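Right, one structure below, let's go through it.
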């Protein structure tokens with residue numbers, strides 16, 4: 001049986017995410033979240049074992065990292081749209097702070113959340129590949145991981161590590177090169 005959330009969970013989650021984005025993981029405390037949400041910290045500890053669990057639940061519920069699955073009618077256009085969304089998301093200062101918290105620090109609860117996020121997005125975007133296979137645009141043996149990981153990885157590296165924009169020209173060229181490798185025949 002799934003446990004219920006406190007009545008003010010959405011407010012608590014909003015405060016937790018706001019503080020995480022404003023301050024970064026290490027500077028946020030359960031006490032800060034309780035104070036800004038207007039609840040006792042004992043209330044938070046009644047529902048969550050600590051900061052990691054509370055922030056994980058808040059991020060699962062939130063839409064800060066939300067992406068839609070494009071359906072433009074062609075694989076190329078779907079991939080360009082998908083990567084454009086990812087680039088826009090990664091270029092946001094809020095997302096950068098959040099990702100630094102999720103990726104760094106050896107925090108098991110947040111590492112689980114990061115893996116769930118990737119699995120969820122990859123699962124949702126598999127629909128793009130399925131449609132492309134049905135239209136005969138790619139070899140039927142192509143996996144989502146083979147197609148999406150190099151594309152998404154290139155955008156992540158360009159934006160997060162190199163500090164450069166993943167503009168439309170970059171994304172279009174990247175997609176064109178990838179599609180040559182998975183073309184049917």
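In UniProt numbering, the protein residues as written are 1 to 185.
Backbone N, C-alpha and C fix where the C-beta goes; we use that ideal spot for every residue, glycine too.
Computed from a predicted structure; not experimentally measured.
In the structure shown, residue 26 adopts helical secondary structure according to DSSP, grouped into three states. A straight-line Cα-Cα distance of about 35 Å links residue 61 and residue 182. At least 7 Å separates the beta-carbon of residue 51 from that of residue 17. In this structure, the straight-line span from the alpha carbon of residue 8 to that of residue 40 is close to 12 Å. Between the C-alpha atoms of residue 71 and residue 59 there is a straight-line separation of about 26 Å. Two segments are said to touch when three or more pairs of C-beta atoms, one from each, lie closer than 8 Å; by this definition the segment 165–182 touches the segment 144–156.
Within the segment 78–132, the complete alpha helix (DSSP H) segments at least 4 residues long are 93–103, listed from N- to C-terminus. The Cβ neighbour count for residue 19, taken over all protein chains shown within 10 Å, is at least 16; the residue is labelled buried. Take the alpha-carbon of residue 54 and the one of residue 78: they are about 35 Å apart. Short of 8 Å from the beta carbon of residue 83, and not among the five residues preceding or following it, lie these beta carbons of its own chain, in chain order: 151, 152, 155, 166, 171, 174, 175.
Here residue 128 has 78 as same chain residues with Cβ atoms under 6 Å from its own Cβ, once five neighbours each way along the sequence are excluded.
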